[in-house]
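Numbering (UniProt numbering), first residue to last: 1 to 161.
For glycine and all other residues, C-beta sits at the position ideal for the given N, C-alpha and C.
Notes to accompany the following structure.
The structure is reproduced here in structure tokens:
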């Protein structure tokens with residue numbers, strides 16, 4: 001009974017501390033670059049994989065010290081299976097993310113080629129024709145819009161002339 005409570009306390013004691021240390025950023029000024037940025041699902045899977053690996057390490061430490069009961073050996077096997085499954089899922093998520101990124105890049109390239117070859121279409125797709133990567137100011141992009149808004153909101157807009 002005491003070995004079981006020791007086992008369960010060792011298995012759960014550092015789970016919360018470990019997961020909280022993963023979620024905090026040690027350097028708040030550091031921003032992730034686009035190349036190293038992971039998808040949210042990858043982050044969750046990586047954190048879960050780290051927790052399982054930590055649990056497996058603690059279970060093997062208990063086994064080597066003789067505190068792990070024979071019927072608790074199934075915990076090691078289950079954790080090992082879960083770890084392999086998570087590693088496989090993480091690999092799939094990484095490949096899927098890379099595939100989506102390449103597909104998006106190819107789509108943008110195709111739109112740029114269409115804009116270059118057909119100038120009449122470039123007015124419709126003016127967002128892809130821009131030299132700078134940011135959206136232009138409203139005054140530049142829609143010059144008549146501000147005047148129209150001013151005319152609508154003026155006090156004399158509702159009167160017939």
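Mind reading off the beta-carbon distance from residue 89 to residue 45? Whole number of angstroms is fine, and I expect it under 8 Å. Your pair residue 89 and residue 45 checks out as a contact, with CB atoms roughly 6 Å apart and the cut at 8 Å.
Residue from 81, 39, 66, 105 whose Cα sits closest to the Cα of residue 53: Closest by C-alpha distance to residue 53, out of 81, 39, 66, 105, is 81.
Using beta-carbon positions only, say whether residue 49 and residue 86 come within less than 8 Å of one another. Yes.
Using DSSP with H/G/I as helix, E/B as strand and the rest coil, what is residue 113? In this structure, residue 113 counts as helix in the three-state DSSP scheme.
Can you tell me whether residue 104 is helix, strand or coil according to DSSP? Note: residue 104 maps to helix in three-state DSSP.
Where does residue 41 sit, in a helix, a strand or coil, going by DSSP? Helix, per DSSP.
Only counting the same chain, and skipping five residues up and downstream in sequence, which positions put a Cβ closer than 8 Å to that of residue 79? Cβ neighbours of residue 79 within its own chain (closer than 8 Å, five residues either side excluded): 52, 55, 56, 59.
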